[in-house]
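Student: Input: one structure, supplied below.
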Amino acid sequence: MSTLCGKDILRSDLLSDGELELILSTASRFERALTAGDRLTNMQGQVLATLFFEPSTRTRLSFETAMLRLGGQVITMADPKTSSSAKGESLVDSMRTVEGYADVIVIRHPRKGSAQEAADAVAVPVINAGDGTGQHPTQALLDVYTMQKEKGALEGLTVTLAGDLKNGRTVHLLVYLLARSGVRLLFVSPPGLEMPAAITADLKKLGAEISEGGDLAAAMRRSDVLYVTRIQRERFEDPAAYERLSGSYVVDRAMIQQAKPGISIMHPLPRVDEITAEVDDYEGAAYFRQAANGVPVRMALLALVTGRN
Amino acid sequence: MSTLCGKDILRSDLLSDGELELILSTASRFERALTAGDRLTNMQGQVLATLFFEPSTRTRLSFETAMLRLGGQVITMADPKTSSSAKGESLVDSMRTVEGYADVIVIRHPRKGSAQEAADAVAVPVINAGDGTGQHPTQALLDVYTMQKEKGALEGLTVTLAGDLKNGRTVHLLVYLLARSGVRLLFVSPPGLEMPAAITADLKKLGAEISEGGDLAAAMRRSDVLYVTRIQRERFEDPAAYERLSGSYVVDRAMIQQAKPGISIMHPLPRVDEITAEVDDYEGAAYFRQAANGVPVRMALLALVTGRN
Amino acid sequence: MSTLCGKDILRSDLLSDGELELILSTASRFERALTAGDRLTNMQGQVLATLFFEPSTRTRLSFETAMLRLGGQVITMADPKTSSSAKGESLVDSMRTVEGYADVIVIRHPRKGSAQEAADAVAVPVINAGDGTGQHPTQALLDVYTMQKEKGALEGLTVTLAGDLKNGRTVHLLVYLLARSGVRLLFVSPPGLEMPAAITADLKKLGAEISEGGDLAAAMRRSDVLYVTRIQRERFEDPAAYERLSGSYVVDRAMIQQAKPGISIMHPLPRVDEITAEVDDYEGAAYFRQAANGVPVRMALLALVTGRN
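Structure representation (structure tokens):
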């Protein structure tokens, strides 16, 4: 039987099928308890430290809510400017200090590889809440959880990922989780922002069915799920090129009318202009439910790594 | 019977007499429980999100204390610089995300009307902790609660409001609550900072007894309560004019000696120079008690809107 | 019998022997409970306010953990830029406001004497978490607690204090606590950063055995404990002088091999270059245990001043 007790959650790509299944089923169980209004006490007497060396209110509040909903408590460093690292302290020293306070640590840090370094420094479980261009495993997990919940099962689904697939940390990891669950993948992105060839080759080696290119409307006609990512203005040297390209990746009600009936629309948020506000009322608009799913998924992770599931 | 269950608290002027009475009596009950050292569990298992898009430590800590004293838990965004709105996210999207975490949301935002917009976006109750030049209903409510507690009853009291009555958001709303409770109002302010004529006209239409002008000492001789507000230096183009005017609105012990015996001195705080420190020892100096009253009043609101009173 | 109920903890030098003993024994009892996994409820229903007018994440998180481990709750002002003092409010007014929210207050403030001023303003117990060049009593107490725990007893120990002894607030107070416990003291510091003569004279008057000067290696050969402090670059006008001097105060494994066997290495953290990372694996490297000891020591103080030990 799979267990995650005492383990760190640093990468989504190293989770075994059994571990992935354990996380999703535990999240589902916690979600049912929340819906039923049960008061959980799994983490009673435990302290979570959320260390955000790079601000991210959304992710931090989601983790903190997860801990509180399990009956635990939270200490938080939300602003790196007030931290000892501003005085020149190493990440290892910061972690070894906080290890003296907390039973489990969630860390977000702008440097790739920092989560692994942080986890190696301490004996308590560490959960990576994003390490720069590295990983953000809890986002990938809540994305998978959301697709499963919206669609019943992953196997056999067709999922379009649209937008900036070159720089999207989350998307790079999500596709592996989807590919191994038997999802057909369509990649739609502006020229220059395609999914890295190495990842596509990798996925094909794993037996995944992948299509690339084409326009968004065509992809939506074939897809059960559309996963939209932000196209960041700062990636373009030419503002006009940004305006032209980003405009053709805006999802509105008209596009949904032409899409496969019942298509689910997902987005990791925050969105800026990629999905128009009128889409919010569409029943397949899943992005706010997706954000809310972060709570039971993170509850599952906190409880599993501390052996309190 | 009045109930506030499931309602938002966005404005103080739309509360019915029954709702106002319910809030004040619930606050009074909670205050007695706190004084008795009872441990309350009304909000056990519930999470409050305090979203401060504009910092206000005093108001935030008061709400958080209220939630904790009721046995609930808190997640907080104290600094707008770390929020997703800094990445261009709309207020509506921020609210719909946090709705996935919290059972009740307190919001402070620099833009007038933002609290209404925030409340419209979500199904959970929203409490306005100040929306720019808009409203700050919990301040008005704790002011009324304080006067009632200090004086026994509002009806028949004479209350002087002194200072900048033109720009004082709280004062503009407080006067309506007082007028409809049968309080006689005296307005004393420097030239150019008078109570807006529209409000005075409005109050008179409601049957309120109002006097304007005159000096502060004269008003204090007739008043049961003096409510002092800050005169902000930045409202004056000429610094000398500020110095001259603000000086005549400083309350000291000598002025209290000439005032109606037992006069209560109130101030929404923070004060700068409007009341001298020597006044603090006067038994009618109510401003710190007034600040403390924010806790039971906010406890009442949190419990009432979630149906846990 | 000593009691600290209702008292403020502002200075370490005014604690009686009985009070010191009470703090250390209470900390020890709480540490055993934590190790045994007991869930403590001493502070249930109580609220701690941590007011940091100067950021210090390490100290703040340590106090907050202490409160949470005792079953209490926390409200926090971590960033002075968001406080009312930024609007010109006096420290006294801020304290009298927060007194309306919290049962005990921890304050850190950049101005010497501010903790006393803060404590004088309110009826609830106040704990000084550092007042500029003034005191930082909980650091001195956790240092003493650590030495006692690492070495069994203080009496008869030889302790070297190395580094900048001129500007080290904590060290100035720690030495009094050590001297009166029968510890022999060696002071080793770069020219110009010696322990102030007034303190040395004072300690000798108290009967303490003190040596000064000499090199670090020689001191380490005679010492049971080495307490290292940071030499701050900004104390030197000439960068080359800093490099030359600080280099001779770096503790590495080679130096430990030449030291008295079993020597304990302490440091208040954060460290920058004073102790090399290779020392961390040395079993006498006590600095991270020292940081962790802050939790039971602060638990003891919180429980004692509120009469909930």
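Chains as they are written, first to last, in the working numbering: chain A, 1 to 309; chain B, 1001 to 1309; chain C, 2001 to 2309.
Ideal placement from N, C-alpha and C gives every residue a C-beta, glycine not left out.
Small disclaimer: the values here were computed from a predicted structure and weren't measured.
1) Just curious, the beta strand (DSSP E) that Ile1105/B is in, first and last residue?
2) Rounded to whole angstroms, what is the Cα-Cα separation between Gln44/A and Gly307/A?
3) Given that a residue counts as buried once 16 or more other Cβ atoms are within 10 Å of its Cβ, and exposed if not, what is Ala1201/B?
4) If we count Cβ pairs, one from each stretch, closer than 8 Å, do we get three or more for the region 1048 to 1064 of chain B versus the region 1001 to 1008 of chain B?
5) Of all the CB atoms in chain A, is at least one closer than 8 Å to the CB of Pro2268/C?
6) Can we say the region 1262 to 1269 of chain B touches the region 1286 to 1301 of chain B, given the rule of at least three CB pairs closer than 8 Å?
7) Put Asn2309/C into one of helix, strand or coil per three-state DSSP.
8) Comparing alpha-carbon positions, which option in Ala2259/C, Thr2059/C, Asp2273/C lies nearest Tyr2282/C?
9) Of all the alpha helix (DSSP H) runs that stay within the bounds of the region 2227 to 2268 of chain C, which reach a length of 4 or more residues?
10) Counting only beta-carbon separations shorter than 8 Å, does Val2275/C have a partner in chain B?
11) Counting only beta-carbon atoms, is Asp79/A nearer than 8 Å to chain B?
12) Can you find at least 3 beta carbon pairs, one from the region 95 to 113 of chain A and one from the region 1015 to 1025 of chain B, that sit closer than 8 Å?
13) Could you tell me which of Phe53/A, Gln135/A, Ser223/A, Leu91/A sits nearest to Gly156/A, measuring between CA atoms?
14) So for Asp1372/B, helix, strand or coil by DSSP?
15) In chain B, what lies closer than 8 Å to Arg271/A by C-beta?
16) Considering only the alpha carbon of each residue, which of Ile2107/C, Thr2035/C, Pro2296/C lies closest to Gly2132/C?
17) Grouping DSSP H, G and I as helix and E and B as strand, with all else coil, what is Gln73/A?
18) Hey, out of Ala2218/C, Met2220/C, Arg2169/C, whose CA is closest to Pro2196/C's CA?
19) Give me the DSSP bridge partner(s) of Ser2211/C.
20) Answer yes if the region 178 to 195 of chain A comes into contact with the region 206 to 224 of chain A, meaning at least three C-beta pairs across the two stretches below 8 Å, and no otherwise.
21) In whole angstroms, what separates the C-alpha of Lys81/A from that of Glu89/A?
22) From Leu154/A to Asp143/A, what does the alpha carbon distance come to, in whole angstroms?
23) Can you have a look at Asp79/A and say buried or exposed, based on whether 16 or more other CB atoms are within 10 angstroms of its CB?
24) Taking C-beta pairs closer than 7 Å, name the residues in chain A that Gly1045/B reaches, listed in chain order.
25) Have a look at Asp93/A and Ile2275/C and give me their C-alpha separation to the nearest angstrom.
26) To the nearest angstrom, how far is the alpha carbon of Gln2232/C from that of Asp2238/C?
27) Between Arg2069/C, Ala2285/C, Tyr2249/C, which has its C-alpha nearest Ala2162/C's C-alpha?
28) Find the residues of chain C that neighbour Arg96/A, judging by a C-beta separation of less than 7 Å, and give them in chain order.
29) Give the single residue among Glu209/A, Arg180/A, Val47/A, Val171/A whose Cα lies nearest to the Cα of Gly2037/C.
30) For my contact list, Leu301/A and Ile9/A are in at a C-beta cut-off of 8 Å; report their separation, rounded to the angstrom.
31) Can you give me, in chain order, the residues of the region 62 to 77 of chain A that have a beta carbon less than 7 Å from any beta carbon in chain C?
32) Under DSSP, the beta strand (DSSP E) around Phe53/A begins and ends at which residues?
33) Can you find a C-beta in chain A that's less than 8 Å from the C-beta of Gly1006/B?
34) Pull up the DSSP beta-bridge partners for Leu1165/B, would you.
35) Could you tell me whether any Cβ in chain D is nearer than 8 Å to the Cβ of Arg58/A?
36) Less than 8 Å between the beta carbons of Arg2235/C and Asn2167/C, yes or no?
Tutor: Considering the structure as presented:
1) Here the beta strand (DSSP E) through Ile1105/B covers 1104 to 1109.
2) Rounded to the nearest whole angstrom, the C-alpha separation of Gln44/A and Gly307/A is 13 Å.
3) Classification for Ala1201/B: exposed.
4) Verdict: no, contact absent.
5) Not closer than 8 Å to any Cβ of chain A, the Cβ of Pro2268/C fails to qualify, so no.
6) Yes, since at least three Cβ pairs between the region 1262 to 1269 of chain B and the region 1286 to 1301 of chain B fall closer than 8 Å, the two stretches touch.
7) Secondary structure of Asn2309/C (DSSP, three-state): coil.
8) Minimum Cα distance to Tyr2282/C is reached at Ala2259/C.
9) Taking only runs of at least 4 residues, the alpha helix (DSSP H) segments lying wholly in the region 2227 to 2268 of chain C are 2239 to 2247, 2253 to 2258.
10) The residue asked about is misnamed: residue 2275/C is Ile in this sequence, not Val. No, Ile2275/C lies away from the interface with chain B (no Cβ there is under 8 Å from its Cβ).
11) Yes - at least one Cβ of chain B is within 8 Å of the one on Asp79/A.
12) At 8 Å Cβ cutoff, the stretches do not touch.
13) Put simply, of Phe53/A, Gln135/A, Ser223/A, Leu91/A the residue whose alpha carbon is nearest the alpha carbon of Gly156/A is Ser223/A.
14) Chain B is shown only over 1001 to 1309; residue 1372/B falls outside these bounds and no answer can be derived.
15) Under the 8 Å cutoff, chain B gives Glu1089, Asp1093.
16) Minimum Cα distance to Gly2132/C is reached at Ile2107/C.
17) Strand, per DSSP.
18) Selected option, being the one with the closest Cα: Arg2169/C.
19) Paired residue(s): Leu2186/C.
20) Segments in contact, yes.
21) Their Cα atoms are separated by approximately 12 Å.
22) The straight-line gap from Cα to Cα measures roughly 11 Å.
23) Classification for Asp79/A: buried.
24) Per Cβ cutoff of 7 Å: Arg39.
25) The alpha-carbon separation between Asp93/A and Ile2275/C amounts to approximately 12 Å.
26) Answer to the nearest angstrom: the Cα atoms are 12 Å apart.
27) Of Arg2069/C, Ala2285/C, Tyr2249/C, the residue nearest in Cα terms is Tyr2249/C.
28) Near Arg96/A (Cβ distances below 7 Å), the residues of chain C are Phe2288.
29) Taking the Cα of Gly2037/C as reference, the smallest distance to any Cα among Glu209/A, Arg180/A, Val47/A, Val171/A is reached at Val47/A.
30) The C-beta separation of Leu301/A from Ile9/A comes to about 5 Å, placing the pair in contact by the 8 Å criterion.
31) Within the region 62 to 77 of chain A, contact with chain C at the beta-carbon level (separation under 7 Å) is assigned to Gln73, Ile75, Met77.
32) From DSSP, Phe53/A is part of no beta strand (DSSP E); its letter is neither H nor E.
33) Among the residues facing chain A, Gly1006/B is not included, as its CB has no counterpart in that chain under 8 Å away.
34) Per the DSSP secondary-structure output, Leu1165/B pairs with nothing in a beta bridge.
35) Here chain D cannot be found, since the structure's protein chains are A, B and C.
36) A distance below 8 Å separates the beta carbons of Arg2235/C and Asn2167/C.
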